[in-house]
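Student: The following block contains the structure, expressed as structure tokens.
Residue numbers (full-length UniProt numbering): 1 to 187.
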């Protein structure tokens, strides 16, 4: 095995390949071949080549991290999730600076920044979840209307909830939530 030629091939792959999956797949194959050869012929590896291989191995690992982050994109649900992913991707950009794949990473960061604006914050999502849970709990125990005897419905006023008759607009009866019922919205 020509170590210098294989290392040059590995460098060429990491510097010019645009497809991150090819970098990881082919890069790991070449690294595995070099590792096997090292066990047989350590004298073929200079300290400079060993240092290059460590750096190339780290580079391939960073590209693999990028692939893992890409796989998580569909599952990002809050602005904080996106912020964490962008932070991880900036670390990848730092490690792959000057390589063809770094442009792709920057493109994904720009797209994530746009997507971030459309997502709720973790706090908004929590508040929405608590409200949905409270509405579900309260809807299972609806009181009867004092005027017409029909079931009441949970209604959303301007920033507050109340019980309103289900026959509205025929019956205008309404009832404010009790303290225990309001407490369900404040968890």
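Glycine is no exception: its CB is placed at the ideal position from the N, C-alpha and C atoms.
#1: Could you pull the start and end residues of the beta strand (DSSP E) that residue 176 belongs to?
#2: Taking only runs of the alpha helix (DSSP H) that begin and end inside the stretch 7–45, which ones reach a length of at least 4 residues, in chain order?
#3: Can you tell me which of 176, 60, 127, 110 puts its alpha carbon nearest to the alpha carbon of residue 20?
#4: How far does the beta strand (DSSP E) with residue 156 in it extend, from its first residue to its last?
#5: Ends of the beta strand (DSSP E) at residue 185?
#6: Using only the alpha-carbon positions, how far apart do residue 188 and residue 179 sit?
#7: What is the DSSP secondary structure of residue 164, counted as helix, strand or coil?
#8: Report the three-state DSSP secondary structure of residue 2 (helix, strand or coil).
#9: Could you give the residue range of the alpha helix (DSSP H) that holds residue 234?
#10: Take residue 26 and list the residues in its own chain whose beta-carbon comes closer than 6 Å to its own, dropping the five residues that flank it on each side.
#11: Here's the rule I'm using: 16 or more other beta-carbon atoms within 10 Å means buried, otherwise exposed. How should residue 1 be labelled?
#12: Tell me the rounded alpha-carbon separation between residue 128 and residue 171.
#13: Pick out whichever of 159, 152, 66, 133 has its Cα sitting closest to the Cα of residue 169.
#14: Would residue 73 and residue 112 be called neighbours here (beta carbons separated by less than 9 Å)?
#15: Nearest-angstrom Cα distance between residue 82 and residue 110?
#16: Is the CB-CB distance between residue 140 and residue 184 below 9 Å?
#17: State buried or exposed for residue 22, treating a residue as buried only when at least 16 other CB atoms are found within 10 Å of its CB.
Tutor: The short version:
#1: That run of the beta strand (DSSP E) goes 174–176.
#2: Listed in chain order, they are 20–40.
#3: Among 176, 60, 127, 110, the Cα nearest to that of residue 20 is on 60.
#4: 152–156 is the extent of the beta strand (DSSP E) around residue 156.
#5: It is not in any beta strand (DSSP E) - residue 185 carries neither H nor E in the DSSP assignment.
#6: There is no way to answer for residue 188, as the model of the chain reaches only from 1 to 187.
#7: Three-state result, residue 164: strand.
#8: Coil, per DSSP.
#9: Given that the chain is displayed from residue 1 to residue 187, the structure contains no residue 234 and the question cannot be resolved.
#10: Answer for residue 26: 13, listed in chain order.
#11: The residue is exposed, with fewer than 16 neighbouring Cβ atoms inside 10 Å.
#12: Roughly 30 Å separates the two Cα atoms.
#13: The shortest C-alpha separation from residue 169 is found at 152.
#14: Remark: C-beta atoms of residue 73 and residue 112 approach each other more closely than 9 Å.
#15: Roughly 11 Å separates the two Cα atoms.
#16: Between residue 140 and residue 184, the C-beta spacing is not below 9 Å.
#17: When all chains shown are included, residue 22 counts as exposed.
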